[in-house]
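Following: one structure in structure tokens, then a few remarks.
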Amino acid sequence: MIEDKLKNGLRGLLTGVLAAPFVTLFANLVSLANEINASYRYLILLLPLSSVIIVYLFKKAGPGGKKITAIAIREIHFAEDGNTDLKGEKRISAKDALISFVTSIISHLSGASVGKEGVGVQIGLACSSVLQSAEERLLGESRRDYYYISGAAAAFSALFGSPVAGTLFGTQLASPRLSRTDAMLPAALSSFSCFFLSRAMGIHIIHILSYKTLDLTVENAILVFFFAILVGLVCRLSCHLLEFFKEKLNSMYPGSDYIKAIIPATALLVISIIVYFINGSFKYNGLSTDLLRLSMFRAVDFSDFIIKLLMVLLSLAAGFQGGEVVPLLVLGATFSSSIASALSLDTAAFSALGAIGFLAAGTKLSLVTFALGLELFGYSEPCLLFLMTTMSLISSGKIGIYSHQRIY
Numbered sequence: 095m096i097e098d099k100l101k102n103g104l105r106g107l108l109t110g111v112l113a114a115p116f117v118t119l120f121a122n123l124v125s126l127a128n129e130i131n132a133s134y135r136y137l138i139l140l141l142p143l144s145s146v147i148i149v150y151l152f153k154k155a156g157p158g159g160k161k162i163t164a165i166a167i168r169e170i171h172f173a174e175d176g177n178t179d180l181k182g183e184k185r186i187s188a189k190d191a192l193i194s195f196v197t198s199i200i201s202h203l204s205g206a207s208v209g210k211e212g213v214g215v216q217i218g219l220a221c222s223s224v225l226q227s228a229e230e231r232l233l234g235e236s237r238r239d240y241y242y243i244s245g246a247a248a249a250f251s252a253l254f255g256s257p258v259a260g261t262l263f264g265t266q267l268a269s270p271r272l273s274r275t276d277a278m279l280p281a282a283l284s285s286f287s288c289f290f291l292s293r294a295m296g297i298h299i300i301h302i303l304s305y306k307t308l309d310l311t312v313e314n315a316i317l318v319f320f321f322a323i324l325v326g327l328v329c330r331l332s333c334h335l336l337e338f339f340k341e342k343l344n345s346m347y348p349g350s351d352y353i354k355a356i357i358p359a360t361a362l363l364v365i366s367i368i369v370y371f372i373n374g375s376f377k378y379n380g381l382s383t384d385l386l387r388l389s390m391f392r393a394v395d396f397s398d399f400i401i402k403l404l405m406v407l408l409s410l411a412a413g414f415q416g417g418e419v420v421p422l423l424v425l426g427a428t429f430s431s432s433i434a435s436a437l438s439l440d441t442a443a444f445s446a447l448g449a450i451g452f453l454a455a456g457t458k459l460s461l462v463t464f465a466l467g468l469e470l471f472g473y474s475e476p477c478l479l480f481l482m483t484t485m486s487l488i489s490s491g492k493i494g495i496y497s498h499q500r501i502y
């Protein structure tokens with residue numbers, strides 16, 4: 095038993111150390127790509143071409159880059175079901191992660207409205223897969239589930255500067271209904287080692303400026319309770335809309351991946367140009383972290399939420415790569431800011447709560463997002479934060495951004 099724990103701990107530590115430089119490089123290149131796009135706005139015109147290039151790259155290299163997270167979740171499920179002999183199953187390859195890396199940078203350079211954590215986690219998973227394969231060749235044994243849990247934990251921790259949330263993300267990603275306490279040691283060692291190393295390497299993360307949180311009172315608890323239900327329902331609708339977009343494109347153009355990509359990409363370009371001529375800004379393109387921060391310090395219009403949601407839906411439907419976590423945070427913050435202002439509520443506090451609640455609803459990971467609210471958003475009142483993540487999850491239904499999860 096102790097020997098197994100030591101092995102798993104070493105697996106987690108090595109995964110965190112290996113993942114740190116690659117995740118740091120990815121996060122910093124995404125930040126650079128967004129800066130380049132902001133400096134040379136004509137790159138927006140490349141959105142349709144970029145969607146075609148991404149489809150072409152995946153066709154040439156195979157669709158494995160889009161399935162990395164799904165493969166990891168499936169194999170963690172195999173281990174949970176008692177099947178640890180996975181020698182005949184498809185592995186996560188470094189080549190697939192490289193394709194996701196490149197296509198994500200292309201997406202951000204051209205101004206697609208996507209995040210970064212999805213591909214970042216895939217990079218962490220690929221690093222863990224390399225170590226797992228090496229152990230299997232050298233020692234004839236290994237546990238893919240522990241490696242994949244560690245890879246996911248490392249990447250999430252580094253990308254958001256949140257080692258506790260990263261640990262919980264690794265242990266709960268595949269099955270939010272379970273608590274993989276057996277994997278807590280490798281996940282924690284991977285998460286904390288990757289966090290410290292990536293921070294030492296200067297990784298770019300989202301920074302949230304200080305703000306005043308709500309006090310724990312009966313009135314505030316009631317407000318947050320119903321507000322969380324509303325946030326969960328809106329996120330549920332958003333996830334259904336994404337599924338509808340994808341199914342509609344598949345039914346209209348079942349035989350052409352290029353047409354399925356170029357139509358929403360062209361629509362994304364048209365909307366971006368229209369928005370620019372109206373308000374002189376491309377704030378809905380890219381990560382939109384400035385919009386996230388802005389929504390916390392002054393009321394934004396409900397139209398900000400609608401436009402950002404439409405651009406996220408079109409970006410994902412077009413196949414642009416990056417992730418959904420940052421878009422979910424921005425959507426939650428903009429929606430909550432506008433509603434809080436209309437109800438004369440504290441804009442900053444409810445915007446922060448709404449961002450975390452929207453993420454909890456979309457990922458089905460309420461404990462992960464609770465920890466992220468404490469670490470990244472600095473929300474100092476844990477009871478109301480916990481109430482937000484719990485009730486938004488409960489009201490959000492089964493559909494989320496990780497389609498292979500075991501939720502119930």
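The sequence shown lines up with residues 95 to 502 when you count with the numbering used here. Just so it is clear, CB atoms sit at the ideal spot from N, CA and C, and this is done for glycine as well.
Thinking just about the alpha-carbon of each residue, which of the options is nearest to the one in residue i?
i: V213; options: K458, M482, E418 and V146; result: E418
i: E469; options: A446, K458, L422 and F452; result: A446
i: D98; options: A127, S227, D384 and P280; result: P280
i: L108; options: A282, E341 and G451; result: A282
i: A247; options: G374, A220, R271 and Y136; result: A220
i: A249; options: Y370, V117 and G380; result: V117
i: T483; options: A315, K189, L123 and Q216; result: A315
i: L262; options: S382, R271, M278 and G234; result: M278
i: N102; options: Y240, Y150, I193 and Y136; result: Y240
i: I493; options: E235, S332, T383 and L203; result: S332
i: N131; options: V424, S366 and L388; result: S366
i: A412; options: C329, S198, L291 and S251; result: S198
i: V258; options: E229, I400, F290 and E230; result: F290
i: L423; options: A228, E235, L233 and R387; result: R387
i: I350; options: R105, A294 and K153; result: At residue 350 the sequence reads Ser, which differs from the Ile that was named. Ranking the options by Cα distance to S350, first place goes to K153.
i: Q499; options: F172, M485, E230 and M295; result: F172
i: S292; options: L119, P476 and L478; result: L119
i: I186; options: S201, K458, E230 and A166; result: A166
i: I372; options: I401, L410 and T383; result: I401
i: G218; options: D384, A228 and S251; result: S251
i: V196; options: I148, E230 and G451; result: I148
i: F254; options: K458, S489, E229 and H301; result: H301
i: D384; options: F339, L303 and D440; result: L303
i: R105; options: D440, M346 and A228; result: A228
Does residue i come out as helix, strand or coil in the three-state DSSP assignment?
i: L381; result: coil
i: I493; result: coil
i: L238; result: Just to set this straight, residue 238 is Arg in the shown sequence, not Leu. Three-state result, R238: helix.
i: Y352; result: helix
i: A173; result: helix
i: S273; result: coil
i: I186; result: coil
i: E418; result: coil
i: S287; result: helix
i: R135; result: helix
i: H202; result: helix
i: G374; result: coil
i: T261; result: helix
i: D440; result: coil
i: E469; result: helix
i: G214; result: helix
i: Q507; result: It is not possible to answer for residue 507, since the shown part of the chain is limited to 95 through 502.
i: G413; result: coil
i: S256; result: coil
i: V111; result: helix
i: D398; result: helix
Is residue i near residue j, with beta carbons less than 9 Å apart?
i: A427; j: A449; result: yes
i: S222; j: G260; result: no
i: G416; j: G209; result: yes
i: L481; j: A322; result: yes
i: L487; j: G326; result: yes
i: F414; j: S430; result: no
i: S194; j: Q226; result: no
i: V146; j: A188; result: no
i: S207; j: Y370; result: no
i: S489; j: R330; result: yes
i: L335; j: L403; result: yes
Throw me the rounded Cβ distance for the residue i and residue j pair, which I believe falls under 8 Å.
i: V111; j: S244; result: Between S244 and V111 the Cβ distance is about 11 Å, and since that is not below 8 Å, they are no contact.
i: A442; j: Y305; result: 4 Å
i: A121; j: H298; result: 5 Å
i: A361; j: L408; result: 5 Å
i: M137; j: S204; result: In the sequence under discussion, the amino acid at residue 137 is Leu, which differs from the Met named in the question. Contact holds; Cβ gap of about 6 Å.
i: L381; j: V406; result: About 11 Å separates the two Cβ atoms, so there is no contact after all.
i: E341; j: R238; result: Actually they do not touch by this definition, with Cβ atoms about 32 Å apart.
i: L425; j: F396; result: Actually they do not touch by this definition, with Cβ atoms about 12 Å apart.
i: V318; j: L437; result: That pair is no contact at about 12 Å.
Would you verify that the beta carbon of residue i is, or is not, closer than 9 Å to some beta carbon of chain C?
i: L308; result: Going by chain labels, chain C is absent from the structure shown, which holds only one protein chain.
Okay, do the segment 259 to 276 and the segment 451 to 468 touch, 3+ Cβ pairs below 8 Å being the bar? yes
Using 8 Å as the cut-off, can you tell me whether the segment 140 to 154 makes contact with the segment 354 to 364, which would need three or more C-beta pairs spanning the two stretches below that distance? yes
The segment 310 to 324 / the segment 392 to 405 touching (three or more Cβ pairs under 8 Å): no
Across the segment 125 to 136 and the segment 150 to 168, are there enough close Cβ pairs to call them in contact, namely three or more that are closer than 8 Å? no
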